[in-house]
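J.:
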Amino acid sequence: MHGVVVSTARPGRPAIAIACLLVVCGLITGCGRREASDGAVRLVMTTAGGVKERDIYNQAVSRFEAQHPNIHVRILPISKDYYRKVLVMIAGRDAPDLMWMGQSFGEFAGRGAFMDLSARIAEEVDLDDYFDQPVGWYNIDGKQLGIPFAIDTDFVVYNKALLDEAGVEYPTDDWTGQDLIRKAKALTLDRDRDGRTDQYGYRGNVDSSAFGAEIISADGKTPLCNSPEMIDYLQFTLDVVHKHRICPLPGDVEQEGLDTISLFRQGKAAMMRFYTWSLPELRDKCADLDWDIVMMPKFAQRAHWASSQAILVSSETPYPDEAWLLCKYFFSDEFQRIMAFRGLPPSRKVAEKIVAENDEAPENLAVLLKAADYLYPFPRVAHLQELMEHFWNAAESVDAQRATPQEALQRAEKAMWRTIERRQ
Amino acid sequence: MPHHREVDTINRRSGIAFAFLTPNLLGFMVFTFLPVLAALGLSLYRWDLFHAPSFVGLRNFVELLGWYQEDGQIHANDPGFWKYLGNTLFLMMGIPVNMAAALFIALVLNQKIRGRVFFRTVFFLPTICTGVGVMLLWMWIYNPEFGLLNHLLSLVGVEGPSWLRSYAWAKPSIMIMGLWGAMGGTNMIIYLAGLQGIPPELYEAADIDGASSAAKFWYVTLPALTPTTFFIFITSVIGGFQGGFDAAYVMTRGGPDGATTTISYYIFEHAFQWFNMGYAATIAVVLFALVLLVTLVNWKFGGKRVQYV
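What follows is the structure, encoded as structure tokens:
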């Protein structure tokens, strides 16, 4: 029979199909909860770092599990975008029981991500031997949230051969900013006389704390960047590029994809600012170079940028006792010693032993011990990155010579106040 | 009345159709529709991802789009939003250039020349290369000390700028990279298909009338391509509003001084770097409204100029 065929399918079928789809979607999005195990406690720990760190954590966990057969630990190594991935886990109500924390500790701690370990630490841990500052970095509002296992800081690496070639004396730990400029000028060379610098005397800038400048108060409620000290600092960053010509634009050094160690190795810079986490790669890739390290030069004061690493217990963990047992291992002397290849141990005793036993480059590893008395980390505040964004924008506008230091810092201070008001 | 067998056939076909559509619909629901609905709702909340969201009503929108008076001057509550919207619109100025370049390449590759397949492949290669890898490559090209571009400029006595670190050159640098990738990309393929869909009789009629190559292009090719151009323009504008994230994230981190921060990167910063998920959702909703408005305007006024052959 010809003509229009009218469908007599039940009218509700498409609606039923869509309803089923919605239910399935809901189930899928609701997935991801860890099931309770059969008597054994299962902990999840997130870690950052490269292959070597991953192996270290795996071995540490194996030793721990051998001593605690009823606790199983699953390590989630995250080598890229660590904080974002942990953030998504927390937002998805699937926070790991323990997590590695570095520079962003304050932002997570300020939002209640970590368990208060004050009572446990007071009872079970002897902190007398620790450097004063680093332990205090993990005390937020009177709560001790953890103890670091490594301190990161900066130092200047210098190529002895290039200094010898230019007849420049090696820098010493008591050198000043003027010494840096003088030496770097003698080390900045246009070898092929094409009008372009082939070797810079210094690359990497210095920390603003060396000028006595601060960006934000310790409680994160008052911008401090608009100060004479900060103006001096930003003027210095301009002068090293445009007046003294000992350094390229700061952004070029930190541009991602630019291998700073290769720059040093190829003699593109006689002196460079590096950080403790670069030590393994420096030892590996610059094994055929004669290099050493020295403290950051003194300007208004001696200062070393600092950060630290710790394994902390989540405030959401359903297994606080077991998590604490594992956490304790990760600031033990043994673990600090293992991780000393890329950071300074916070225990003075362990740090001094590492320095005393050092038989590889750098010869002057004692720099890290001395730097421990001059550490200046970023404040541990909840909105640090958002506030720092205003300061970095100001610094970049000065670098690009779009604004004077005074104008840029006034703008940054105003923007910081707005952010502080909005986030209260 | 349809026979039972016909009804069964219709039902079976409907079932088969749903079965084939389900994976796509499932993906759309889970990864697009539900998140968009969630974002709409989230824009009315303050949420730092650690605690439960707290309802703030339209406060986020006031913070984003409102203003205040100080010292007799009007100031935006969020000056960054307007600056980054400006950056986004600036980068979108490359759209007509990219379209023209794609059309030009398509015209050339539509000719019967030797090695046509080879050239089509070569021009399309940037599109299939991994975005991040290409951007890392361009970072090396743009490096002011060791980069290829400044080296070539130095050969003709020109000192190149610090491309990605220069406030004036950062956005043009990204536009140049975009042009390189876009001129042989998907738009070129779409134009190629459009060119091959033009009836040859039109060109034969033009030949009979003694039209020159330029006249044929202007009076036959371009009008015949208006549906294709309209489609490419609409999709490019939508993509332009949403774009700029990759380059900002990989190459410049939004700098220098916010010069390369686009709206999409600003949303990312608020959501995943500054823990302001509710505010990020608000920006996303405003962006959605803006894209919808612009698309409707384009559709209303641009659609009138489309000629179908």
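These protein sequence lines map, in sequence, to chains D and P.
The numbers in this note's numbering rise by one with no breaks, and the one at position 92 of the first sequence is 92.
Count along the second sequence from 1, add 1000, and you get the number used in this note's numbering.
The beta-carbon is built from N, C-alpha and C at its ideal position, and this holds for glycine as well.
1. So that I know if they touch, is there some Cβ in chain D lying closer than 8 angstroms to that of Y1167(P)?
2. Let me check understanding here. Comparing Cα to Cα, which of G49(D), F391(D), R54(D) and S262(D) lies closest to R203(D)?
3. Contact criterion: CB-CB distance below 8 angstroms. Does R203(D) meet it with respect to chain P?
4. Using a C-beta to C-beta distance shorter than 7 angstroms, which residues of chain P count as neighbours of L249(D)?
5. Using a Cβ cut-off of 7 angstroms, which residues of the stretch 139-169 of chain D contact any Cβ in chain P, in chain order?
6. Measuring straight from C-alpha to C-alpha, what distance separates E1201(P) and L1195(P)?
7. Establish whether the CB of C31(D) and some CB of chain P are separated by less than 8 angstroms.
8. Which residues in the same chain have their Cβ closer than 6 angstroms to the Cβ of Q103(D), if we skip the five residues on either side of it in sequence?
9. Taking the alpha carbon of D198(D) as the point to measure from, which residue in G267(D), I231(D) and I215(D) has its own alpha carbon closest?
10. Would you say H72(D) lies against chain P (beta-carbon separation less than 8 angstroms)?
11. Please state whether DSSP places K435(D) in a helix, a strand or coil.
12. What three-state label does DSSP hand P1053(P) in the structure shown?
13. Counting along the chain, where does the beta strand (DSSP E) carrying N159(D) start and finish?
14. Looking only at its chain, what residues have a beta carbon closer than 6 angstroms to the beta carbon of F1230(P), apart from the 5 residues adjacent to it on each side?
15. Are three or more beta carbon pairs between the stretch 1040-1058 of chain P and the stretch 87-102 of chain D nearer than 8 angstroms?
16. May I ask you to verify whether the stretch 174-191 of chain D touches the stretch 346-361 of chain D, counting CB pairs closer than 8 angstroms and requiring at least 3?
17. Taking only three categories from DSSP, how would you classify N358(D)?
18. Between F1061(P) and Q1273(P), what straight-line distance do the alpha-carbon atoms span, to the nearest angstrom?
19. Kindly confirm or deny that the stretch 157-175 of chain D and the stretch 283-293 of chain D touch, where touching means at least three C-beta pairs closer than 8 angstroms.
20. Since F149(D) contacts A310(D) with CB under 8 angstroms, what's their CB separation in whole angstroms?
21. Give me the residue from I1232(P), I1208(P) and Y1203(P) with the minimum Cα distance to W1218(P).
22. Give the C-beta separation of L387(D) and G201(D) to the nearest angstrom, bearing in mind that I take them to be a contact with Cβ-Cβ under 8 angstroms.
23. Helix, strand or coil: which one does DSSP assign to P223(D)?
24. Does the beta-carbon distance from F155(D) to A210(D) come in below 8 angstroms?
25. Looking at F1081(P): is its Cβ nearer than 8 angstroms to the Cβ of L1064(P)?
26. Which same chain residues, not among the five before or five after T1252(P), have their C-beta less than 7 angstroms away from its C-beta?
27. Taking C-beta pairs closer than 7 angstroms, name the residues in chain P that G112(D) reaches, listed in chain order.
28. Skipping 5 residues on each side, what residues in its chain have a beta carbon closer than 6 angstroms to that of E334(D)?
29. Can you find a CB in chain P that lies within less than 8 angstroms of the CB of D399(D)?
30. Rounded to a whole number of angstroms, what is the C-alpha to C-alpha distance between L1026(P) and D126(D)?
31. So which residues of chain P does A306(D) contact, with C-beta pairs closer than 9 angstroms?
32. I1105(P) to A1019(P), Cα distance in whole Å?
33. Along chain P, which residues have their Cβ under 9 angstroms away from the Cβ of L234(D)?
34. Name the chain P residues whose beta carbon is nearer than 7 angstroms to that of E386(D)?
35. Contact defined as beta carbons within less than 8 angstroms: I believe Y376(D) pairs with D207(D). What is the distance between those atoms, to the nearest angstrom?
36. Listed from N- to C-terminal order along the chain, which residues in the stretch 1258-1269 of chain P have their beta-carbon within a distance smaller than 7 angstroms of any beta-carbon of chain D?
T.: In this structure, then:
1. Mapped onto the second sequence, residue 1167(P) falls at position 167. So, interface residue.
2. Counting from 1 along the first sequence, the entry for residue 203(D) is found at position 203. Sorting G49(D), F391(D), R54(D) and S262(D) by C-alpha distance to the C-alpha of R203(D) places S262(D) at the top.
3. Start at 1 with the first residue of the first sequence, and residue 203(D) comes out as number 203. With respect to chain P, the C-beta atom of R203(D) has no partner C-beta closer than 8 angstroms.
4. One-based indexing of the first sequence puts residue 249(D) at position 249. Residues of chain P with a Cβ closer than 7 angstroms to the Cβ of L249(D) are, in chain order, S1162 and R1165.
5. Close to chain P, meaning a Cβ-Cβ distance shorter than 7 angstroms, is no residue of the stretch 139-169 of chain D at all.
6. Counting from 1 along the second sequence, the entry for residue 1201(P) is found at position 201. Counting from 1 along the second sequence, the entry for residue 1195(P) is found at position 195. Taking C-alpha positions only, E1201(P) is separated from L1195(P) by approximately 13 angstroms.
7. One-based indexing of the first sequence puts residue 31(D) at position 31. Any reading at C31(D) is ruled out, since the residue's pLDDT is 49, under 50, leaving its predicted position unreliable.
8. Numbered from its first residue, the first sequence carries residue 103(D) at position 103. So the qualifying residues of the chain are S307.
9. Taking the first sequence and counting its residues from 1, one reaches residue 198(D) at position 198. Closest by alpha carbon: G267(D).
10. Numbered from its first residue, the first sequence carries residue 72(D) at position 72. H72(D) has a beta carbon lying at 8 angstroms or more from every beta carbon in chain P.
11. Nothing about residue 435(D) can be reported from this structure: the residues present for chain D run from 1 to 424 only.
12. Walking along the second sequence from the start, residue 1053(P) turns up at place 53. DSSP places P1053(P) in the coil class of the three-state scheme, outside both helix and strand.
13. Counting from one through the first sequence, the residue named residue 159(D) turns up at place 159. If you look at N159(D), you'll find it in the beta strand (DSSP E) that goes A150 to N159.
14. On the second sequence, position 230 is the one that residue 1230(P) refers to. In the same chain as F1230(P), and ignoring 5 residues on each side of it, the C-beta atoms closer than 6 angstroms to its own belong to G1302 and V1306, in chain order.
15. Short answer: they touch.
16. Short answer: they don't touch.
17. By one-based count along the first sequence, residue 358(D) stands at place 358. N358(D): coil per DSSP, three-state reduction.
18. One-based indexing of the second sequence puts residue 1061(P) at position 61. One-based indexing of the second sequence puts residue 1273(P) at position 273. Approximately 20 angstroms, taken between the alpha carbons.
19. As far as the Cβ criterion goes, the stretch 157-175 of chain D touches the stretch 283-293 of chain D, which means the pair count is three or higher.
20. Here residue 149(D) is taken as the residue at index 149 of the first sequence, counted from 1. Here residue 310(D) is taken as the residue at index 310 of the first sequence, counted from 1. The Cβ separation is near 6 angstroms, so the contact holds.
21. For the purposes of this step, residue 1218(P) is identified with residue 218 of the second sequence, where counting begins at 1. Closest option to W1218(P), Cα to Cα, is Y1203(P).
22. Taking the first sequence and counting its residues from 1, one reaches residue 387(D) at position 387. Taking the first sequence and counting its residues from 1, one reaches residue 201(D) at position 201. With 8 angstroms as the limit, L387(D) and G201(D) do not qualify as a contact, their Cβ atoms being about 33 angstroms apart.
23. The residue given as residue 223(D) occupies position 223 in the first sequence. In the three-state reduction of the DSSP assignment, P223(D) falls in the strand class, which pools E and B.
24. Here the question's residue 155(D) lines up with position 155 in the first sequence. Here the question's residue 210(D) lines up with position 210 in the first sequence. It is not a contact, given that the beta carbons lie outside the stated cut-off.
25. Here the question's residue 1081(P) lines up with position 81 in the second sequence. Here the question's residue 1064(P) lines up with position 64 in the second sequence. Against a cut-off of 8 angstroms, the Cβ pair of L1064(P) and F1081(P) comes out as a contact.
26. Counting from one through the second sequence, the residue named residue 1252(P) turns up at place 252. Excluding residues within five positions, the ones whose Cβ falls inside 7 angstroms are L1164, A1170 and T1260.
27. The sequence position of residue 112(D) within the first sequence is 112, counting from 1. Result: F1050.
28. What you label residue 334(D) is simply residue 334 of the first sequence in a count that begins at 1. Listed in chain order, the non-local C-beta contacts of E334(D) below 6 angstroms within the same chain number zero, local neighbours out to five positions each way being set aside.
29. Against the first sequence, residue 399(D) aligns to sequence position 399. Among the residues facing chain P, D399(D) is included, as its CB has a counterpart in that chain under 8 angstroms away.
30. Counting from 1 along the second sequence, the entry for residue 1026(P) is found at position 26. Counting from 1 along the first sequence, the entry for residue 126(D) is found at position 126. Rounded to the nearest angstrom, the two C-alpha atoms are 56 angstroms apart.
31. Start at 1 with the first residue of the first sequence, and residue 306(D) comes out as number 306. Against chain P, the beta carbon of A306(D) has no neighbour under 9 angstroms; the closest one sits roughly 22 angstroms away.
32. Taking the second sequence and counting its residues from 1, one reaches residue 1105(P) at position 105. Taking the second sequence and counting its residues from 1, one reaches residue 1019(P) at position 19. Rounded to the nearest whole angstrom, the C-alpha separation of I1105(P) and A1019(P) is 41 angstroms.
33. Locating residue 234(D) in the first sequence gives position 234, counting from the first residue. Here the premise fails: no neighbours, minimum Cβ distance about 13 angstroms.
34. The sequence position of residue 386(D) within the first sequence is 386, counting from 1. Contact of E386(D) with chain P by beta-carbon distance below 7 angstroms involves W1274.
35. Sequence index remark: in the first sequence, residue 376(D) carries index 376 (1-based). Sequence index remark: in the first sequence, residue 207(D) carries index 207 (1-based). Their Cβ separation, rounded to whole angstroms, is 6 angstroms, which keeps Y376(D) and D207(D) in contact under 8 angstroms.
36. Residues of the stretch 1258-1269 of chain P whose Cβ lies closer than 7 angstroms to any Cβ of chain D, in chain order: G1258.
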